[in-house]
Amino acid sequence: MSRASRIYRGTPRNLAMLAGRLRKGGLVAVPTETVYGLAGDATSRSACVGIFRAKGRPRGDPLIVHIASLRDLGRVARANPAALRLAARFWPGPLTIVLPKTGLVPGEATAGLPSVAVRMPSHPLFRRLIRLAGVPLAAPSANPFGYVSPTTAEHVRRSLGSRVTHILDGGPSRIGLESTIIDLRDPGRPALLRPGAVTRGELARALGMPVAMSRRPAARGRAQVSPGRMRRHYSPRTPVTLHNFLSPRMAAKGRPSDAWLFIAKPAGNAPVRGGNVFWLDAKGDLRRAARRLFATLRSLDEGGFRRIHVERPAGAGLAEALADRLVRASSR
Ligand code: TXA
Ligand code: MG
Numbered sequence: 025m026s027r028a029s030r031i032y033r034g035t036p037r038n039l040a041m042l043a044g045r046l047r048k049g050g051l052v053a054v055p056t057e058t059v060y061g062l063a064g065d066a067t068s069r070s071a072c073v074g075i076f077r078a079k080g081r082p083r084g085d086p087l088i089v090h091i092a093s094l095r096d097l098g099r100v101a102r103a104n105p106a107a108l109r110l111a112a113r114f115w116p117g118p119l120t121i122v123l124p125k126t127g128l129v130p131g132e133a134t135a136g137l138p139s140v141a142v143r144m145p146s147h148p149l150f151r152r153l154i155r156l157a158g159v160p161l162a163a164p165s166a167n168p169f170g171y172v173s174p175t176t177a178e179h180v181r182r183s184l185g186s187r188v189t190h191i192l193d194g195g196p197s198r199i200g201l202e203s204t205i206i207d208l209r210d211p212g213r214p215a216l217l218r219p220g221a222v223t224r225g226e227l228a229r230a231l232g233m234p235v236a237m238s239r240r241p242a243a244r245g246r247a248q249v250s251p252g253r254m255r256r257h258y259s260p261r262t263p264v265t266l267h268n269f270l271s272p273r274m275a276a277k278g279r280p281s282d283a284w285l286f287i288a289k290p291a292g293n294a295p296v297r298g299g300n301v302f303w304l305d306a307k308g309d310l311r312r313a314a315r316r317l318f319a320t321l322r323s324l325d326e327g328g329f330r331r332i333h334v335e336r337p338a339g340a341g342l343a344e345a346l347a348d349r350l351v352r353a354s355s356r
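Position in the sequence shown (first residue = 1) + 24 = this note's numbering.
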């Protein structure tokens, strides 16, 4: 029989109880500033296996290991000066760094890879929980494999259901997109594995060298080195069509059973029909758009539309991260 899931507020008593659960190898869904995660003791083989099972995630897709202090970086990874520079500049925050792993991190966490992805999150409740647990916490996004990442505790409850019994509520995720991932195994050749709120330009400035977008394809039957290569990641069930250009006219001429999602509110006296035209932020502010993206895709998915048409943001910086998630949501 499966037990129902429960959402806990971040009281000292609840945090102590959830930390105890983590120390015993149990799983807890946690709030982070990017998206909600499904956390377990990163040093425990069985906890890591439990994470893959709960998500229905293929074993070849490695987990991110979360730490609360810079001292813990050396416990899980072999850092280099470039990594320390990025850590000093962007941690705690939405940046994950891939480095050679230490023996403390089992292959179950890294899908057998000799490297580990490490992040120091900024969400105060998650940080407190890592400290109380006393171990680094492995946590992928807390969604069933392939579906849109959760940005509220309620999203976790609704999509993972009884597969996660303990959910810590830390409010809506402030950033709303998964962390930027940079590969620094070779510090002379930094590679961006996933764009996010820490932008490629910011990374290049901090490192003093350009950061290439990784083009390495996933090797079949082996652990995936570049997460972005997986098709149909982050997808709603409703088919998504991405448009480089979207106009209110297109929406007005289209089928009423299709949804039209703009980045900004379409201008003025345009023929906007009520009920199937949506936007992420009235003014098109990309930070606010990113914060709302996954929740909006979820609610459109539940809206019974035949298809979701989405406008692709152009440009560098956060637009690159938003476009990346939309490309994945639209690939079938
Ligand atoms: O913002 C985030 O990063 C969230 C929160 C919970 O921290 N986590 C997250 O985890 O998005 P997940 O598992 O959904 O995505 C992590 C990605 C995976 O696609 C995986 O392939 C990649 O990180 N990854 C993990 N370890 C890696 C490694 N050693 N080398 C290359 N990629 C790695
Ligand atoms: Mg994920």
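All C-beta atoms in this analysis are idealised placements derived from N, C-alpha and C, irrespective of residue type, glycine included.
Quick one, which of TYR171, VAL140 and GLY194 has its alpha-carbon nearest LEU149's?
The residue labelled residue 149 in the question sits at position 125 within the sequence shown. Nearest of TYR171, VAL140 and GLY194 to LEU149, Cα basis: GLY194.
Can you confirm whether the segment 201-210 touches the segment 108-125 when touching is taken to mean that 3 or more C-beta pairs between the two stretches lie within less than 8 angstroms?
yes
Among the residues of its own chain, which have a CB less than 7 angstroms from the CB of SER146, if the five just before and after it don't count?
Position 122 of the sequence shown, counted from the first residue, corresponds to residue 146. Around SER146: GLU57, PRO116 and GLY117.
On the premise that ASP309 lies in contact with ARG316, defined as a C-beta separation below 8 angstroms, what is that separation, rounded to the nearest angstrom?
Your numbering for residue 316 matches position 292 in the sequence shown. Your numbering for residue 309 matches position 285 in the sequence shown. Not really, about 10 angstroms apart at Cβ, beyond 8 angstroms.
With a cut-off of 8 angstroms on the beta carbons, I'd call ILE191 and ALA141 a contact; round off their distance for me.
Numbered from 1 along the sequence shown, position 167 holds the residue referred to as residue 191. Numbered from 1 along the sequence shown, position 117 holds the residue referred to as residue 141. The Cβ separation is near 23 angstroms, so there is no contact.
Rounded to a whole number of angstroms, what is the C-alpha to C-alpha distance between VAL222 and ARG273?
Counting from 1 along the sequence shown, the entry for residue 222 is found at position 198. Counting from 1 along the sequence shown, the entry for residue 273 is found at position 249. Those two C-alpha atoms are separated by around 35 angstroms.
Quick one: residues in its chain with C-beta nearer than 6 angstroms to the C-beta of ARG144, no 5 flanking neighbours on either side, listed in chain order?
Translated into positions along the sequence shown, residue 144 becomes position 120. Note on identity: in this sequence residue 144 is Met, with Arg being the wrong assignment. Cβ neighbours of MET144 beyond the five flanking positions: ILE91, TRP115 and PRO116.
Could you pull the start and end residues of the alpha helix (DSSP H) that ALA28 belongs to?
Here residue 28 refers to the residue found at position 4 when the sequence shown is read from its first residue. ALA28 -> no alpha helix (DSSP H), and no H or E assigned at all.
Whose CA, out of VAL264, PHE269, ALA133 and ASN38, lies closest to the CA of LEU156?
Along the sequence shown, read from residue 1 onward, the residue named residue 156 stands at position 132. Selected option, being the one with the closest Cα: ASN38.
Taking the alpha helix (DSSP H) that GLY61 belongs to, which residues open and close that run?
Taking the sequence shown and counting its residues from 1, one reaches residue 61 at position 37. Note, GLY61: premise wrong, no alpha helix (DSSP H); beta strand (DSSP E) at 61-65.
Cα separation between ARG27 and THR176?
Translated into positions along the sequence shown, residue 27 becomes position 3. Translated into positions along the sequence shown, residue 176 becomes position 152. Using only the alpha carbons, I get a separation of about 21 angstroms.
Is PRO280 buried or exposed, if buried means 16 or more other CB atoms sit within 10 Å of its CB?
Along the sequence shown, read from residue 1 onward, the residue named residue 280 stands at position 256. Exposed is the call here.
Mind reading off the beta-carbon distance from GLU335 to LEU231? Whole number of angstroms is fine, and I expect it under 8 angstroms.
Here residue 335 corresponds to residue number 311 of the sequence shown, with the count starting at 1. Here residue 231 corresponds to residue number 207 of the sequence shown, with the count starting at 1. Contact doesn't hold; Cβ gap of about 32 angstroms is too wide.
Determine the direct distance from the alpha carbon of VAL122 to that of ASN104, and round the result to whole angstroms.
In the sequence shown, residue 104 corresponds to position 80, counting from 1. In the sequence shown, residue 122 corresponds to position 98, counting from 1. When rounded, the distance between both Cα atoms is 11 angstroms.
Quick one: Cα of ASP348 to Cα of PRO219, how far?
Position 324 of the sequence shown holds residue 348. Position 195 of the sequence shown holds residue 219. Near 7 angstroms, if we compare the C-alpha coordinates of PRO219 and ASP348.
Am I right that ARG311 and LEU342 are in contact with their C-beta atoms under 8 angstroms? What's the rounded C-beta distance?
Translated into positions along the sequence shown, residue 311 becomes position 287. Translated into positions along the sequence shown, residue 342 becomes position 318. Correct: roughly 7 angstroms between the Cβ atoms.
Which residues in the same chain have their Cβ closer than 6 angstroms to the Cβ of VAL180, if we skip the five residues on either side of it in sequence?
For the purposes of this step, residue 180 is taken as the residue at position 156 of the sequence shown. Cβ within range, chain order: ALA53, TYR60, ALA166, PRO174 and ILE191.
Based on the DSSP output, what are the partners of LYS79 in its beta bridges?
Locating residue 79 in the sequence shown gives position 55, counting from the first residue. As computed with DSSP, LYS79 is found in no beta bridge at all.
PHE269, DSSP secondary structure in three states
Working through the sequence shown from its first residue, we reach residue 269 at position 245. Reduced to three states, the DSSP call for PHE269 is coil.
Examine the ligand MG and report whether any of its heavy atoms sits within less than 7 angstroms of the Cβ of SER173.
The residue given as residue 173 occupies position 149 in the sequence shown. Indeed, a heavy atom of the ligand MG lies less than 7 angstroms from the Cβ.
According to the Cβ coordinates, are SER354 and THR262 closer than 8 angstroms?
What you label residue 354 is simply residue 330 of the sequence shown in a count that begins at 1. What you label residue 262 is simply residue 238 of the sequence shown in a count that begins at 1. Taking 8 angstroms as the Cβ cut-off, SER354 and THR262 do not qualify as a contacting pair.
Start and end residues, alpha helix (DSSP H) containing PHE150
Against the sequence shown, residue 150 aligns to sequence position 126. Taken as a continuous stretch (DSSP letters only), the alpha helix (DSSP H) holding PHE150 covers 148-157.
Ignoring anything shorter than 3 residues or poking outside the segment 75-128, list the beta strand (DSSP E) runs there in chain order.
The DSSP assignment places 88-90 and 119-124 as complete runs of the beta strand (DSSP E) inside the segment 75-128, in order along the chain (cut-off: 3 residues).
Rounded straight-line distance, which links the Cα of TYR171 to that of ARG253
Here residue 253 is taken as the residue at index 229 of the sequence shown, counted from 1. Here residue 171 is taken as the residue at index 147 of the sequence shown, counted from 1. For ARG253, the pLDDT reaches just 48, beneath the cut-off of 50, and the residue's location in the model is therefore unreliable, although a value from the coordinates is still provided. Approximately 15 angstroms between the Cα atoms of the pair.
ARG182 - containing alpha helix (DSSP H), residue span
For the purposes of this step, residue 182 is taken as residue 158 along the sequence shown, with counting starting at 1. Unbroken alpha helix (DSSP H) run through ARG182: 177-184.
Minimum C-alpha distance to SER238 - residue among SER29, PRO214, LEU137 and LEU227
Position 214 of the sequence shown, counted from the first residue, corresponds to residue 238. The shortest C-alpha separation from SER238 is found at PRO214.
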